[in-house]
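Chemist: Structure in structure tokens, see below.
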Amino acid sequence: MLLQVNASPESSTATSTGPLRFQDVQNSYDDGECDEAGKGSSPSITSISLFSPVVDPALFDIPAAQKTLVRYYTECASDLLINLEIANNPLRTLILPRAWSSRSLFNAVCAVAAAHWSNTARQAQTPAIPPASAQLYYHRALAGLRRSLDAIPRAAADDGKQQLVPTDAILTTAMLCKYEIISGSTQHWMPHLDGLRNMITQRGGLQTLEPDVRDFLHGLYGYHHTLSRLANLRSGVRKAPRDVVPATGNLHVDVYFGLTEQIGQLCCRIWELAQSVPVAVADIDVLQVEVNSINAELTSWTCPTTGREVPPWVSAEAFVRLEKVAKGFRYAAFVYLHSVLTYVALKSPGVGAAAHVRALHDTITYTKDHAVARIVEIVRTCLPLAHCEYSALCFALFCAGVETESGDDRLFVLHCIGKLEAAFGIGNTTVLKKLIRHIWKLKVVDGVTRHWQFAMEELGWQLCLT
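Under the UniProt record's numbering, the residue at position 153 of the sequence shown is numbered 153, and the numbers go up by one with no gaps.
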């Protein structure tokens, strides 16, 4: 849906129904938007057209620059920042209506829009929004969030009752997490994710929130938390409490997980194998039982089109794309299992223990090379990676890129990661591309593929695979 704004001839900002232009934003940054209360001159509006859940009189009172950012967020960014192409996008139908009554959430929306627009403009080599604008809105949102949280103990002292974290504060934190991912910050997004978990826990879990908020946060937090664990074998990231991300079964279709939630849970079990290092010979039997169990579940996993809970708002075309992503994710899980076993063997002292761990590779259904080849084949069928469902291929591309022995496959993976970065305006893939190139450079020099975890530790890098 398009946000249509007709400005008067006197307005310096051309916010028409035509394509958004850099000048639309650039010319409006002198409209008084730096006023914390959001006051400033705005073009006179004769009509505004939006899908009904987002229409609100407050829109008429915001400065012109913010109108343009909201329009960009509505028309473009919101469609590219979830992993399922749907009309009732929660980034619009859930976030925007609440943003009209929450200054901190509104500023978080503007920060996300400005950062995303800046990224896409840079990829297209066109003029971008001033970088300081996204940071300005980010800091405003953060300041408003802190004020909201600081008010909780004061209210509790006045009323003598426990005060819950406001829902808008929880959603603001979720949007700040998205801002960091868009900006390419691989270190600062995790504190927001941890804060989101703590807020949900303080509220008593997801089940205490409104159904639309609960469904949105289940996917957003669960998906990002899962991938944050998989990207660092030594991170010590805690398990998500069950009341934060309750199990939904294999039939759930989520705007972030898509059809991969069950595979993501299996990958977390694989990740937990790395937390047992060093492994002694006496522990090999326990390790083997868990590896066999994970392998059996991955082998038997299917992605049928029948018998699955397919919401009416998911199109048949989008569902096919979700299936491709899920199949790629499954083969990535096999690669990840091989990779984690290699890590466990390298971290286990003694020739005996390491040899026993290495022998477990032969018990896995698919070899690492076969699984990597299948990932590459599946991704080729997804080119040019123009649909938002394909942004969830980042984990599969990571597994293929850091584990492949083929130079051609590695170049293909780097090409595809660049495609994702350009198509979806995300900056978090920069470190991943650097890591893949670094590992390949070491292989050319030493003749041996360096394990990605050790390479990250040597470089002091962190990954964000969402």
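Think of the CB as a built atom: it goes at the ideal place given N, C-alpha and C, for glycine as much as any other residue.
#1: Tell me whether the stretch 371 to 390 and the stretch 328 to 340 touch, counting them as touching only if at least three CB pairs, one residue from each stretch, are closer than 8 angstroms.
#2: Roughly how many whole angstroms lie between the Cα atoms of ALA455 and PRO166?
#3: Since I believe TRP313 is in contact with ILE95 (beta carbons under 8 angstroms), could you give me their beta-carbon distance rounded to a whole number of angstroms?
#4: Identify whether GLY264 lies in helix, strand or coil by the three-state DSSP scheme.
#5: What whole-angstrom Cβ distance do LEU91 and ALA99 have, given they're in contact under 8 angstroms?
#6: According to DSSP, is GLY258 part of a helix, a strand, or is it coil?
#7: Give the range of the alpha helix (DSSP H) segment to which GLN288 is assigned.
#8: Just to confirm my understanding: we take CYS268, look at its own chain, exclude 5 residues before and 5 after, and list those with CB closer than 7 angstroms. What are they?
#9: Quick check on DSSP: helix, strand or coil for ALA132?
#10: Within a Cβ cutoff of 7 angstroms, which residues of the same chain sit near ILE82, ignoring the five residues on either side of it in sequence?
#11: Using a Cβ-Cβ cut-off of 6 angstroms (strictly less than) and excluding sequence neighbours within five positions of LEU233, which residues of its own chain qualify?
#12: Using only alpha-carbon positions, find the residue among CYS399, GLY222, PRO191 that is nearest to VAL413.
#13: Alpha carbon to alpha carbon, how far is VAL55 from LEU420?
#14: Between which two residues does the alpha helix (DSSP H) harbouring TYR73 extend?
#15: With a Cβ-Cβ cutoff of 8 angstroms, do TYR221 and ILE200 count as a contact?
#16: Please confirm whether LEU217 has its beta-carbon closer than 8 angstroms to some beta-carbon of chain C.
#17: Considering GLU457, what are the terminal residues of the alpha helix (DSSP H) in which it resides?
#18: Can you tell me where the alpha helix (DSSP H) holding ILE95 begins and where it ends?
#19: Helix or strand or just coil, what does DSSP make of GLY204?
Modeler: Once the coordinates are examined:
#1: Touching, per the Cβ criterion.
#2: For the purposes of this step, residue 455 is taken as the residue at position 455 of the sequence shown. For the purposes of this step, residue 166 is taken as the residue at position 166 of the sequence shown. The straight-line gap from Cα to Cα measures roughly 41 angstroms.
#3: Residue mapping note: residue 95 aligns to position 95 of the sequence shown, counting from 1. Residue mapping note: residue 313 aligns to position 313 of the sequence shown, counting from 1. Rounded to whole angstroms, the Cβ separation of ILE95 and TRP313 is 17 angstroms, and the two are not in contact under 8 angstroms.
#4: Looking up residue 264 in the sequence shown gives position 264. Secondary structure at GLY264: helix, using DSSP grouped into helix, strand and coil.
#5: Counting from one through the sequence shown, the residue named residue 91 turns up at place 91. Counting from one through the sequence shown, the residue named residue 99 turns up at place 99. Contact doesn't hold; Cβ gap of about 10 angstroms is too wide.
#6: For the purposes of this step, residue 258 is taken as residue 258 along the sequence shown, with counting starting at 1. Three-state result, GLY258: strand.
#7: Along the sequence shown, read from residue 1 onward, the residue named residue 288 stands at position 288. Per DSSP, GLN288 is one residue of the alpha helix (DSSP H) stretching across 284 to 300.
#8: Here residue 268 refers to the residue found at position 268 when the sequence shown is read from its first residue. Correct list, in chain order: THR226, ARG229.
#9: Indexing the sequence shown from 1 puts residue 132 at position 132. Helix.
#10: Start at 1 with the first residue of the sequence shown, and residue 82 comes out as number 82. For ILE82, same chain residues with a beta-carbon under 7 angstroms away, outside a window of 5 residues either side, are ASN89, LEU91, VAL255, TYR256, CYS388 in chain order.
#11: Against the sequence shown, residue 233 aligns to sequence position 233. Shown here for LEU233: same chain residues with a beta carbon closer than 6 angstroms to its own, the five before and five after excluded, namely ALA274, TYR343, GLN453 in chain order.
#12: Residue mapping note: residue 413 aligns to position 413 of the sequence shown, counting from 1. Nearest Cα to VAL413 within the set CYS399, GLY222, PRO191: CYS399.
#13: What you label residue 55 is simply residue 55 of the sequence shown in a count that begins at 1. What you label residue 420 is simply residue 420 of the sequence shown in a count that begins at 1. With a pLDDT of only 47 at VAL55, under the threshold of 50, the placement of this residue in the model should not be trusted; the figure read from the coordinates follows. Answer to the nearest angstrom: the Cα atoms are 32 angstroms apart.
#14: Residue numbering aside, residue 73 sits at position 73 when the sequence shown is read from its first letter. Neither: TYR73 is in no alpha helix (DSSP H) and is coded neither H nor E.
#15: Sequence index remark: in the sequence shown, residue 221 carries index 221 (1-based). Sequence index remark: in the sequence shown, residue 200 carries index 200 (1-based). The answer is yes: Cβ separation under 8 angstroms.
#16: Absent from the structure: chain C. Only one protein chain is present.
#17: What you label residue 457 is simply residue 457 of the sequence shown in a count that begins at 1. Start and end: 452 to 459.
#18: One-based indexing of the sequence shown puts residue 95 at position 95. Where ILE95 is concerned, the enclosing alpha helix (DSSP H) stretches over 95 to 99.
#19: By 1-based counting over the sequence shown, the position of residue 204 is 204. Secondary structure at GLY204: coil, using DSSP grouped into helix, strand and coil.
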